[in-house]
Amino acid sequence: MAHGAGGKASRRLIDGLFAPILFGSAPAPLGDAAHINVNGTCVALTTDSFVVRPLRFPGGSIGELAVNGTVNDLAVSGARAQALVVSYVLEAGLPTEILEGEVRAMATAAKAAGVVIAGGDTKVVEHGKADQMYITTSGIGHLIPGLSISPAAVRCGDKILLSGPIGDHGITILLARGELDLEADLRSDTRSVLPLVEALADAVGAGVHWMRDPTRGGVATSLNELAHDCGLGIRLAEERVPIRDEVRGACELLGLDPLHIANEGQFLAVVAAERAEAALAALRAVPGGRDAALIGEVSEQPAGSVLVTTLYGGSRIVDMLVGDPLPRIC
Amino acid sequence: MRFVDEFREPELITKTADEIRRLADPQRHYRFMEVCGGHTHSIYRFGLKDVLPANIELVHGPGCPVCVLPMGRIDDGLSIAEQPNVIFAAFGDMMRVPGTHGSPLEHKARGMDVRIVYSPSDALKLARNNPDKQVLFFAIGFETTAPSTALTLIRAKAEGIRNFTVFCNHVTIIPAIRAILDSPDMRIDAFIGPGHVSTVIGCRPYGWIAANERKPIVVAGFEPLDILQSIVMLLRQMQENENKVENQYKRVVPWEGNRGALKAMAEVFELRPYFEWRGLGFISQSALRIKDAYAEWDAERRFSVPGIRVTDPKAAQCGEVLKGVLKPAQCKLFGNECTPEHPIGALMVSSEGSCAAYYNYEHRKAAQLTQLTGVSC
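Here is the structure:
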């Protein structure tokens with residue numbers, strides 16, 4: 236199960252099995268989308284499968300996630316989504332109204348994100364062979380001019396920006412499952428981050444060196460991947476990471492690290508130090524970007540790792556997530 | 083966030099750390115054991131070692147219930163759940179703890195009905211909602227969680243819920259501290275006492291540590307300021323040549339404990355003559371079993387339990403780490419064969435286990451920061 240949770244095991248599966256067989260060699264640093272040359276034009280291509288229980292939760296549903304997730308994977312690879320194709324795996328007996336609700340949710344999300352759903356496929360499996368419904372979306376997009384992002388572009392001293400508060404999605408889902416007797420006024424943050432990415436590109440262009448949407452495995456996992464790929468260290472100032480009290484409270488109670496909790500509507504950007512203030516101002520000027528923050532910087536040490544520092548001088552290494560985050564009780 | 087931020091206030095923390103530096107005799111080395119795994123986790127999570135002077139060494143104690151549970155008990159619990167129509171319910175802490183044939187989570191991936199619960203009463207709720215299934219609650223924890231298991235059993239009996247049983251692994255903290263103090267290689271100067279356990283048992287049961295063993299003990303909370311303040315209190319006692327039980331965590335821990343919780347425990351549980359602790363071996367009167375009056379809800383009596391015993395791999399030095407004789411990184415397996423993804427010893431499993439905490443938060447930092455040459459790029 237951990238192989239699908241987005242952390243270390245997922246990475247090992249890609250590096251150890253998929254990449255050598257499918258690409259024939261060690262992969263270039265893994266991005267959120269592949270950039271492909273089609274008759275002289277570079278396009279970005281990506282795909283993502285969505286599996287979530289419950290299907291609907293405060294702030295969104297699987298249909299919205301399926302659209303926004305793929306739009307966001309393209310956005311953080313520096314591309315504007317143009318078209319998606321969608322593939323449904325349905326469990327026999329799934330009520331029609333649930334399916335219709337999700338198809339409508341996808342249509343609304345696609346309209347909001349400015350992307351066309353151009354085609355799709357449906358398979359139905361026996362009752363009990365799937366959990367209600369799974370959605371896969373694949374998306375194609377054209378590159379946003381002026382952006383050139385890659386871990387290789389990241390330099391010591393670069394600043395790390397985060398688009399808004401972390402952990403809303405993961406904690407919302409955890410609570411929506413109803414297994415914990417906890418309630419909080421929280422909503423998933425699922426949204427397209429494209430407007431924020433475009434604002435960033437407009438403001439600082441080539442000053443953006445790297446972007447990633449910290450979904451499964453959270454901010455810690457994304458930044459560990461960056462540290463691994465660029466061979467430099469990441470230093471985060473804990474007090475600067477924006478996080479709602481409800482999320483902090485739930486994490487404190489459950490013994491979870493908010494840096495490991497999934498997000499569906501945020502992204503991380505590494506920006507040249509001298510452009511960081513302009514980048515932050517640009518993000519904050521976009522609706523939904525008010526809470527954007529500068530949370531840390533790239534440094535030589537600790538190479539390949541993420542170090543979180545506190546205001547009073549303590550520090551800790553934050554690793555990738557191993558498996559799913561589990562509540563700690565006893 | 084109230085009741086949290088006050089205890090992470092940088093200015094107060096810096097002030098308290100200064101006070102520690104002032105009180106600590108630079109000529110001597112201090113070894114303080116934090117008994118509770120919750121403290122271990124906080125110490126690493128907040129990077130408190132960076133704040134303390136080098137001559138104050140924090141030694142991680144036995145207070146992580148997951149870590150001290152022998153693998154055979156996990157195998158026993160899972161073997162019950164392998165019978166048809168059984169739901170295996172446990173805290174999230176248990177889910178990644180390896181049994182001989184994998185952890186509860188791995189059993190779930192293979193089709194076992196495994197549920198994470200937040201409290202024993204959630205497991206009872208599962209039983210109410212699934213009358214055609216047997217719900218097995220795999221109970222772990224010190225006196226912190228034992229009362230809620232007791233109350234749940236009292237309720238199950240009162241409501242006559244017959245499809246609910248508890249596989250009881252509750253242990254008690256005092257015999258574990260005694261085992262550590264009796265250990266010939268023990269070199270602890272003083273104790274940071276467990277906060278949550280003391281909420282239930284109060285501070286009196288530690289009296290013998292101060293009176294007979296002549297070691298100071300301060301019951302402490304879990305925020306950075308709590309832990310630092312408890313170190314100040316220990317250093318003051320040592321400076322005055324005193325050995326007392328003190329309570330730093332007064333906002334939560336009553337000196338006399340929680341009578342209601344103790345009463346519920348006394349109603350349901352009795353001491354086992356002996357129980358095996360991973361890393362420490364058999365300790366007499368160190369664990370709880372379910373009394374005859376609740377036998378019907380005792381999984382060990384309702385089901386046939388194989389009573390599996392698994393010896394830890396010889397190379398793993400969990401016992402030495404648990405007693406504070408070795409640092410996690412001094413174990414031969416640490417970071418090589420034994421990692422949080424593939425734990426061999428139990429201390430690597432729970433994030434409260436000293437090895438996992440050290441691995442997650444510290445060891446790469448230690449390895450890499452020593453290379454820091456001050457060159458900025």
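Top line first, the protein sequences correspond to chains F and G.
If you use the numbering used here, the first sequence corresponds to residues 236 to 565, in order.
If you use the numbering used here, the second sequence corresponds to residues 83 to 459, in order.
By construction, the Cβ of each residue, glycine as well, lies at the ideal position given by its N, Cα and C atoms.
All values reported here derive from a predicted model rather than from experimental measurement.
In the displayed model, residue 335 of chain G falls within coil according to three-state DSSP, outside both helix and strand.
By alpha-carbon distance to residue 529 of chain F, the top candidate from F:277, F:392, F:384 and F:288 is F:392. Close to residue 422 of chain G, with beta-carbon spacing below 7 Å, are these residues of chain F in chain order: 557. Partner residues in the beta bridge of residue 277 of chain F, as assigned by DSSP, are F:272. Residue 165 of chain G sits exposed, since fewer than 16 C-beta atoms from the chains shown fall within 10 Å of its C-beta.
The Cβ atoms of residue 310 of chain G and residue 130 of chain G lie closer than 8 Å to each other.
For residue 211 of chain G, the enclosing alpha helix (DSSP H) starts and ends at 202 to 211.
Residue pairing from DSSP places residue 329 of chain G in a beta bridge opposite G:301. A direct Cα-to-Cα measurement between residue 282 of chain F and residue 457 of chain F gives close to 18 Å.
Look at residue 346 of chain F here: in three-state DSSP terms it is helix. In this structure, G:136 is the residue among G:307, G:132, G:136 and G:88 with its C-alpha nearest to the C-alpha of residue 110 of chain G. For residue 414 of chain F, the nearest CB of chain G lies under 8 Å from its own CB, placing it at the interface with that chain. The residue among F:256, F:298 and F:502 with its C-alpha nearest the C-alpha of residue 288 of chain F is F:298. Counting C-beta pairs closer than 8 Å gives three or more between the segment 374 to 384 of chain G and the segment 238 to 247 of chain G, which meets the contact rule.
Annotation: residue 414 of chain G to residue 345 of chain G spans about 44 Å, alpha carbon to alpha carbon. Taking the Cα positions, residue 360 of chain G is about 7 Å away from residue 149 of chain G. Not a single CB atom of chain F sits nearer than 8 Å to the CB of residue 192 of chain G. Secondary structure of residue 258 of chain F (DSSP, three-state): helix. Under the Cβ distance rule, residue 92 of chain G counts among the residues neighbouring chain F, one pair being separated by less than 8 Å. Counting C-beta pairs with one atom in each stretch, the segment 370 to 386 of chain F and the segment 294 to 312 of chain F have three or more that are closer than 8 Å, which means they touch.
Within the same chain, Cβ atoms closer than 7 Å to the Cβ of residue 261 of chain G are found at 362 and 365, the five residues on either side in sequence being excluded.
Listed in chain order, the non-local C-beta contacts of residue 430 of chain F below 6 Å within the same chain comprise 521, local neighbours out to five positions each way being set aside. Secondary structure at residue 373 of chain G: coil, using DSSP grouped into helix, strand and coil.
Under the criterion of beta carbons closer than 8 Å, residue 422 of chain G and residue 443 of chain G do not qualify as touching, at roughly 11 Å. For the segment 125 to 152 of chain G, the set of residues with a beta-carbon nearer than 9 Å to any beta-carbon of chain F comprises 126, 127, 128, 129, 130, 131, 132, 133, 146, 147 and 148, in chain order. Runs of the beta strand (DSSP E) spanning 3 or more residues and lying entirely within the segment 225 to 293 of chain G occur at 246 to 250 and 272 to 275, in chain order. In the DSSP assignment, residue 217 of chain G forms a beta bridge with G:169 and G:246. Shown here for residue 473 of chain F: same chain residues with a beta carbon closer than 8 Å to its own, the five before and five after excluded, namely 543, 544, 545 and 546 in chain order.
The residues 289 and 292, in chain order, have a CB closer than 6 Å to that of residue 411 of chain F in the same chain once the five nearest residues on each side in sequence are set aside.
The segment 125 to 203 of chain G is shown to contain whole alpha helix (DSSP H) runs of 4 or more residues at 153 to 163 and 186 to 191, in chain order. Counting along the chain, residue 318 of chain F sits inside the beta strand (DSSP E) bounded by residues 314 to 326. The Cβ atoms of residue 168 of chain G and residue 224 of chain G lie no closer than 8 Å to each other. By the 16-neighbour rule on beta-carbons within 10 angstroms, residue 285 of chain G is buried. Considering only beta carbons, no part of the segment 315 to 332 of chain F lies closer than 7 Å to chain G. In this structure, the beta-carbon distance from residue 239 of chain G to residue 270 of chain G does not fall below 8 Å. For residue 220 of chain G, the closest of G:213, G:252 and G:182 by C-alpha to C-alpha distance is G:252.
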